[in-house]
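*Asks:* These protein sequences, in sequence, are chains W and Z.
Counting from 51, one number per residue, gives the positions in the first sequence under the numbering used here.
Counting from 15, one number per residue, gives the positions in the second sequence under the numbering used here.
From the three backbone atoms N, C-alpha and C, an ideal C-beta is built for every residue, glycine too.
This one's a predicted model, so the numbers in the text were calculated from it and none came from an experiment.
Just passing along the structure, written as structure tokens.
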Amino acid sequence: MSAGLLRYIAERVVRAALTVVGVVVLVFLLVRLVPGDPVDAILGDQASPEDRAALRKSLKLDAPLPVQLESFVGDVASGTLGHSFRRPDETVASRIEAVFPDTVELALAALLLAWALAVPLGALAAVRKGTGWDRAASTVAIAGLAIPNIWLGPLLILGFAVELRWFPFPGDARAGAAALVLPAVTLGTALAAILTRQTRAAMIEVLDEQYVLAARARGIGRVRLVVGHALRNAMLPVMTVGAAQLGALLSGAVITEKIFERRGLGTLFLDAFFARDIPVVQGCVLVVAVLYVAVNLGVDLAYGVIDPRVRLS
Amino acid sequence: MLRARAARLYGWLSASPVGLALVVAFFVLALLGPVVAPYDPRAIDLAHEYAAPSLRHLLGTGDNGIDLLSAVLYGARLAAVVGVSVVGISLAIGVSLGALAGYAGGLTDHLVTGFADLVQAFPAIVLNIAILALVAEPGVEHVILALAANGWVLYARIARAQTLTLRERDFIDATRALGFRPSRTVIRHILPNLAAPIVVQATAGFGAVVLAEATLSFLGLGPGKSVSWGALLDQGTAVLLRFPHVALVAGAAIAATVFGFNLTGDWLRDRLDPR
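Written out as structure tokens, the structure is:
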């Protein structure tokens, strides 16, 4: 491993670690600095002064800020993330762990769907640039971007669960893998649209390169040329864009889980919101943000390994 | 000369008739909506709950028999108020911080960029919800605050990047040679040159804010006292099986508005932003 690569990796890791520290502090400050008293939010303004004082104490909101920060950092460092306010015998971490696999399942299904649709569609549009194929792919991509997922979900339910009965209705306990299809389409459509546009643009650029011309001159078959030579090189920028969309994917998961009444991190987060279970809200935000930083770090590192030019910047 | 200009203007306008028409329609409805609405959007009429579209109720009725056309018109007002406020606040904060960071460089730049990175580590909706969770009964002003909390970042990034390139240009060097104060250089010479990319971003960003407000309301976190498209869509989703027209009407209003702003943003980008 070269010194340049090592320095690049060290730099990225340190920057990600600093961001995580910042995230922890920001989440902590959020609860304390945003106008609005969590005690009011939980108990309402009719509560007796004694109840309010007791809650303030149990949330540790009566302690000085540095003490609160220390205790919060302690909860984060120990991995418990503190205790749920509504279910004091459970840690926030255990509640998140219980539902996390469901969200990962949904996100992976959406990712898979988006890539599986976008790459062939984008590549086809680029190879057949200016033809009906290209226009069709571009129209599909624009429509996919324009339709909000809070509307797409109900429309899909109406069409495919109610009218056609191909897929189970949300909340149907008997449904197996088929229940994943409509949520994955709802969550994956916008990403598929973005990736299709990116793949098309990247492919058009790569197909103009000298080495593609050289490969053609050597008599390499059309399919091998597009898949083996052009697509491989076009994927790098598309991957970056795909990774940058991870935050949107997690935001979308919150919405999708609510529409399809699915268990998951989003539902836990929303339920905690309505119960004003501040420690759980805090924990979910923290987990999602750290996850996001970690994935971006992973992409940065992979990028540095794949493409030596990146290390120089 | 005048005719050539008029012809060019027409060329501009006709290039994006759909997007621009949607945006103009949105603002007209938001402005006049409450005046022309046939009913009070909260007027209860239980005898006609979830009625299909008819001459009496052009878009049908929803929960408790409220007139959907009136609800859509009042919803446009809310979307416009939130959109204008959030874009305005985000733009003011973002452009100031971005121009400052780009022009001053050094520690200021590191602080602003670091803070922007930090805010962007949170998926947008998640941060918005976390902020609203701290308020007992979120009102319009809280929704605006929550959306502006991360709305400023994109404007700051664009302003910073533009300022960095502008700083190296000769005419900025000239202001320095002439002994202008940095504040005058930034306000009189940097900011006007940021206008094009910022206007492009603000247009597309407006659509994103409308969608974010609808999403928060859809999730039940919007301003409870106002009529919102997102809340309407949520009610429609609950009765999707029997009365699909409620969700169709509400969703179409949101989708058309967001689509209009996106189209107009793309169109402006082609014209204002040569990159």
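Identify which residue in Z/D131, Z/V50 and Z/F257 has its Cα closest to the Cα of Z/D77.
*Replies:* Position 63 of the second sequence, counted from the first residue, corresponds to residue 77 of chain Z. Per the Cα distances, Z/F257.
*Asks:* If the cut is a Cβ gap below 8 angstroms, which residues of chain W does Z/V272 touch?
*Replies:* Numbered from its first residue, the second sequence carries residue 272 of chain Z at position 258. Near Z/V272 (Cβ distances below 8 angstroms), the residues of chain W are A196 and P198.
*Asks:* If we cut at 7 angstroms on Cβ distances, does Z/F41 have a partner in chain W?
*Replies:* Here the question's residue 41 of chain Z lines up with position 27 in the second sequence. So, not an interface residue.
*Asks:* Which same chain residues, not among the five before or five after Z/F220, have their C-beta less than 7 angstroms away from its C-beta?
*Replies:* One-based indexing of the second sequence puts residue 220 of chain Z at position 206. The residues are G97, V101 and F275.
*Asks:* Taking the alpha helix (DSSP H) that Z/H124 falls in, what are its first and last residues?
*Replies:* Looking up residue 124 of chain Z in the second sequence gives position 110. Start and end: G120 to Q134.
*Asks:* Rounding to the nearest angstrom, what Cα-Cα distance links W/V235 and W/G172 in this structure?
*Replies:* Position 185 of the first sequence, counting from 1, holds the residue named residue 235 of chain W. Position 122 of the first sequence, counting from 1, holds the residue named residue 172 of chain W. Here the alpha carbons of W/G172 and W/V235 stand approximately 18 angstroms from one another.
*Asks:* Between W/I309 and W/V149, what straight-line distance do the alpha-carbon atoms span, to the nearest angstrom?
*Replies:* As a first step, residue 309 of chain W is located in the first sequence; it is residue number 259 there, counting from the start. As a first step, residue 149 of chain W is located in the first sequence; it is residue number 99 there, counting from the start. The straight-line gap from Cα to Cα measures roughly 17 angstroms.
*Asks:* I believe Z/L36 touches Z/T217 by the beta-carbon criterion, under 8 angstroms. Please report the beta-carbon distance rounded to the nearest angstrom.
*Replies:* Translated into positions along the second sequence, residue 36 of chain Z becomes position 22. Translated into positions along the second sequence, residue 217 of chain Z becomes position 203. Not a contact, Cβ separation roughly 12 angstroms.
*Asks:* List, in chain order, every chain Z residue whose beta-carbon is nearer than 7 angstroms to that of W/S301.
*Replies:* The residue given as residue 301 of chain W occupies position 251 in the first sequence. Those within 7 angstroms of W/S301 in chain Z are P137, A138, I139 and V140.
*Asks:* Please state whether the Cβ-Cβ distance between Z/V263 and Z/L82 is less than 7 angstroms.
*Replies:* Along the second sequence, one-based indexing puts residue 263 of chain Z at 249. Along the second sequence, one-based indexing puts residue 82 of chain Z at 68. Yes, the pair counts as a contact, with Cβ atoms nearer than the cut-off.
*Asks:* With a CB to CB cut of under 6 angstroms and the five nearest residues on each side skipped, what residues in its chain are close to W/G316?
*Replies:* Start at 1 with the first residue of the first sequence, and residue 316 of chain W comes out as number 266. Within the same chain, A303, V304 and E307 come within 6 angstroms of W/G316 by CB-CB distance, once the 5 residues on both sides are set aside.
*Asks:* Please decide whether W/L208 counts as near chain Z, where near means a Cβ-Cβ distance under 7 angstroms.
*Replies:* Within the first sequence, the letter at position 158 stands for residue 208 of chain W. Judged by the 7 angstroms Cβ criterion, W/L208 is in contact with chain Z.
*Asks:* Could you name the residues of chain Z that W/V335 contacts, counting a contact when the two beta carbons are closer than 8 angstroms?
*Replies:* Your numbering for residue 335 of chain W matches position 285 in the first sequence. Within 8 angstroms Cβ-Cβ: F136, V140, L141 and A144.
*Asks:* Given a threshold of 16 other Cβ atoms within 10 Å of its Cβ, counted over all protein chains shown, does W/E147 qualify as buried or as exposed?
*Replies:* Sequence index remark: in the first sequence, residue 147 of chain W carries index 97 (1-based). Under this definition W/E147 is an exposed residue.
*Asks:* Answer with buried or exposed for W/T366, where buried requires no fewer than 16 other C-beta atoms within 10 angstroms of its C-beta.
*Replies:* The structure shown has nothing for residue 366 of chain W, since chain W only spans 51 to 363.
*Asks:* How long is the line joining the alpha carbons of W/V73 and Z/D131, rounded to whole angstroms?
*Replies:* As a working note, residue 73 of chain W is residue 23 in the first sequence. As a working note, residue 131 of chain Z is residue 117 in the second sequence. Within the model, the alpha-carbon separation for W/V73 versus Z/D131 is close to 10 angstroms.
*Asks:* Using Cβ-Cβ distances below 8 angstroms, what residues of the region 258 to 291 of chain W are close to chain Z?
*Replies:* none
*Asks:* Indicate the three-state DSSP secondary structure (helix, strand or coil) for Z/T75 in the structure shown.
*Replies:* Taking the second sequence and counting its residues from 1, one reaches residue 75 of chain Z at position 61. In this structure, Z/T75 counts as strand in the three-state DSSP scheme.
*Asks:* Hey, would you say Z/G89 sits closer than 7 angstroms to Z/W243, going by beta carbons?
*Replies:* Position 75 of the second sequence, counted from the start, is the residue given in the question as residue 89 of chain Z. Position 229 of the second sequence, counted from the start, is the residue given in the question as residue 243 of chain Z. Going by C-beta atoms, Z/G89 is nearer than 7 angstroms to Z/W243.
*Asks:* Answer yes or no: does any C-beta atom of chain Z fall closer than 7 angstroms to that of W/L115?
*Replies:* Here residue 115 of chain W corresponds to residue number 65 of the first sequence, with the count starting at 1. Interface with chain Z (7 angstroms Cβ-Cβ cutoff): W/L115 is excluded.
*Asks:* Output needed in chain order: residues of the region 234 to 261 of chain Z with a Cβ under 8 angstroms from some Cβ in chain W.
*Replies:* Within the region 234 to 261 of chain Z, the residues whose Cβ lies closer than 8 angstroms to some Cβ of chain W are G234, L235, G244, L247, G250, T251, L254, L255, P258 and A261, listed in chain order.
*Asks:* Beta-carbon separation of Z/I172 and Z/Q215 under 7 angstroms?
*Replies:* Numbered from 1 along the second sequence, position 158 holds the residue referred to as residue 172 of chain Z. Numbered from 1 along the second sequence, position 201 holds the residue referred to as residue 215 of chain Z. Yes, the Cβ-Cβ distance between Z/I172 and Z/Q215 is below 7 angstroms.
*Asks:* With DSSP as the reference, label Z/D81 as helix, strand or coil.
*Replies:* Within the second sequence, residue 81 of chain Z is the residue found at index 67, counting from 1. In the structure shown, Z/D81 sits in a strand (DSSP, three-state: E or B).
*Asks:* W/L318 and W/V330 look like a contact to me (Cβ under 8 angstroms); what is the Cβ gap, rounded to whole Å?
*Replies:* Against the first sequence, residue 318 of chain W aligns to sequence position 268. Against the first sequence, residue 330 of chain W aligns to sequence position 280. Sure, about 7 angstroms apart at Cβ, within 8 angstroms.
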